[in-house]
Amino acid sequence: MSKMFFLPTPHAATAINNYCWNDNWVHKFESPWSLFEKFKYANMAKDRDVLEIFGTKEVKNNKVLRRTKNNSNLYSLSGFDNSRLATVFGHDFKEANKENIKNVVNTLIAVCDEDTDWLYQMQKTR
2 MSKMFFLPTP HAATAINNYC WNDNWVHKFE SPWSLFEKFK YANMAKDRDV LEIFGTKEVK
62 NNKVLRRTKN NSNLYSLSGF DNSRLATVFG HDFKEANKEN IKNVVNTLIA VCDEDTDWLY
122 QMQKTR
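If you use our numbering, the sequence shown closes out at 127, no skipped numbers anywhere.
Here it is, written out as structure tokens:
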């Protein structure tokens with residue numbers, strides 16, 4: 002199902018922009034990077050636009066808006082506003098990402114030899 006969202010941009014709070022997104026573009030175990038790339042492609046957006054649309058207030062308050070380890074971390078998604086992500090992508094983006102990572106790591110750990118594998122040893126030290 003295709004849908005268009007009307008979200009105000011940081012540049013002009015009174016301006017309304019149209020964003021294109023289709024729920025069928027989201028697949029099980031899909032990474033945040035992949036979803037952001039699809040969003041960028043469908044909306045002719047750049048990395049900066051993604052941060053302006055989905056970034057937290059702290060990220061948006063930076064003088065220069067660009068990708069850094071802190072504001073565009075695709076592991077924790079700490080620089081992204083979960084409510085904005087949920088509005089556009091239709092699900093709890095951060096929780097889905099945590100579950101995907103947990104499932105991948107647990108699968109790898111289950112397959113590993115407990116005595117010799119570095120991944121298992123790393124998991125034990127956490």
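Yeah, the Cβ is synthetic: ideal placement off N, Cα and C, and Gly gets one too.
Bridge partners of F81, per DSSP?
-> Residue mapping note: residue 81 aligns to position 80 of the sequence shown, counting from 1. Beta-bridge pairing by DSSP links F81 to G56.
Please check the pair D82 and T57, which I expect to be a contact at CB under 8 Å, by giving their CB distance rounded to whole angstroms.
-> In the sequence shown, the residue the question calls residue 82 occupies position 81. In the sequence shown, the residue the question calls residue 57 occupies position 56. Your pair D82 and T57 checks out as a contact, with CB atoms roughly 5 Å apart and the cut at 8 Å.
How is N23 classed by DSSP in three states: helix, strand or coil?
-> As a working note, residue 23 is residue 22 in the sequence shown. The three-state secondary structure of N23, taken from DSSP, is strand.
Can you tell me which of the three DSSP states Y42 falls into?
-> Numbered from 1 along the sequence shown, position 41 holds the residue referred to as residue 42. In the displayed model, Y42 falls within a helix according to three-state DSSP.
If you compare alpha carbons, which of D50, W34 and K29 is closest to Y20?
-> For the purposes of this step, residue 20 is taken as residue 19 along the sequence shown, with counting starting at 1. Nearest C-alpha to Y20: D50.
Using CA coordinates, which residue listed in V106, F90 and A111 is at the minimum distance from P33?
-> For the purposes of this step, residue 33 is identified with residue 32 of the sequence shown, where counting begins at 1. Here the closest residue by C-alpha is F90.
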